[in-house]
Amino acid sequence: MSKLNCRIAALQMVSGPRVAENLAVAGHLVDEAVAQGAQLVVLPEYFPIIGAVDADRVRARETFGFGPIQAWLAETAQRHGIWLFAGSLPLAAESLDKMRNASLVYNPAGECVERYDKVHLFGFRKGDEAYDEASFIEAGNRPVTVDTPFGRIALSICYDLRFPELYRTLAPVDLILVPAAFTETTGRAHWEILLRARAIENQCYLLAVGQGGTHESGRQTHGNSMIVDPWGEILDRKAKGPGVVIADLDHQRIADIRESLPALAHRKL
Numbered sequence: 053m054s055k056l057n058c059r060i061a062a063l064q065m066v067s068g069p070r071v072a073e074n075l076a077v078a079g080h081l082v083d084e085a086v087a088q089g090a091q092l093v094v095l096p097e098y099f100p101i102i103g104a105v106d107a108d109r110v111r112a113r114e115t116f117g118f119g120p121i122q123a124w125l126a127e128t129a130q131r132h133g134i135w136l137f138a139g140s141l142p143l144a145a146e147s148l149d150k151m152r153n154a155s156l157v158y159n160p161a162g163e164c165v166e167r168y169d170k171v172h173l174f175g176f177r178k179g180d181e182a183y184d185e186a187s188f189i190e191a192g193n194r195p196v197t198v199d200t201p202f203g204r205i206a207l208s209i210c211y212d213l214r215f216p217e218l219y220r221t222l223a224p225v226d227l228i229l230v231p232a233a234f235t236e237t238t239g240r241a242h243w244e245i246l247l248r249a250r251a252i253e254n255q256c257y258l259l260a261v262g263q264g265g266t267h268e269s270g271r272q273t274h275g276n277s278m279i280v281d282p283w284g285e286i287l288d289r290k291a292k293g294p295g296v297v298i299a300d301l302d303h304q305r306i307a308d309i310r311e312s313l314p315a316l317a318h319r320k321l
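Written as structure tokens, this is what we have:
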């Protein structure tokens, strides 16, 4: 079965602590992306909630398959007839005081067809800035791809970007997704160079969609959402604030690059 070219869209947000308000913003961005022809739409990490403290996200967790956030995702995908990727939302964990940071995939019928739980948990400490995701998140343990009419897609979330072996495990793929809420400190230093490297070394498209701006809690996220082609060229990007990043995924472009530079076929390890 041949793979279809498609228009892909990243919806950058600056989510706050109230789920209903965030879903309303996301809905408007989906409308905007679809109006521009998007067939595959991706939301950022924690699109439904970023509160003042980590516990806010834990309290907002839903049971997999139930809850207003998942109902909204299913209805939105079905109403627009799109593939909708929920960058991440908090789901119930085995541990009662933790959550799973999960990315869900909805097909145009509004069915949830795949789930990826974030494997690599972020830890960072520099001066007064500190993060410890392992203190409130239960890590996943399963690398995930999803097959769509537009090709094979690798799922990942934020900190996963720093671990190229995850994507090598899933290769070859046509598109890598990186929904994120990268900090401004680490994002300013490493975000773009890591994204372009992952696209280049896997010779595929990469869509990275971030939280981007100053949140109600005062937290600063890097944003700079972008779509990168298999040669490492940035096709579209948005620095800060809510908005749509959009580009076309062209399978001939992937094939031409892999034929002229067959690096994936030259792998030894």
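Per my numbering, the sequence shown starts with residue 53, numbered consecutively.
Every residue gets a Cβ at the ideal spot worked out from N, C-alpha and C, and that includes glycine.
Per the DSSP secondary-structure output, T200 pairs in a beta bridge with G203.
Residue pairing of N153 in beta bridges, as defined by DSSP: P142.
Non-local C-beta neighbours of Y98 in its own chain, meaning closer than 7 angstroms and more than five positions away in sequence, comprise S67, R109, S140, A233 and Q263, ordered along the chain.
By DSSP's assignment, K320 forms no beta bridge with any residue. With fewer than 16 other Cβ atoms from the protein chains shown falling within 10 Å of its own Cβ, G270 counts as exposed. Of all C-beta pairs linking the stretch 217 to 234 to the stretch 251 to 260, three or more are shorter than 8 angstroms, placing the two stretches in contact. Annotation for V296: the continuous beta strand (DSSP E) segment containing it runs G295 to L301. Secondary structure note for Y183: its beta strand (DSSP E) is the uninterrupted segment E181 to D184. Contact check between the stretch 141 to 153 and the stretch 299 to 312: fewer than three CB pairs, one atom from each, fall below 8 angstroms, which does not count as touching. Secondary structure of W135 (DSSP, three-state): strand. Exposed is the label assigned to P314, since fewer than 16 other Cβ atoms lie within 10 Å of its Cβ. Its chain contains E166, Y168 and L207 as the residues whose beta carbon lies nearer than 7 angstroms to that of V196, once the 5 sequence neighbours on both sides are disregarded; these appear in chain order. The straight-line gap separating the alpha-carbon atoms of E181 and A104 is approximately 14 angstroms. By the C-beta criterion, the stretch 295 to 302 is judged to be in contact with the stretch 57 to 64, since at least 3 inter-stretch pairs fall below 8 angstroms. Taken through DSSP and simplified to helix, strand or coil, V93 comes out as strand. Close CB contacts of E84 within its chain, under the 7 angstroms cut and outside five residues either way in sequence, are with V296 (chain order). Ranking H318, G265, Q64 and T237 by CA distance to the CA of R177 puts T237 first.
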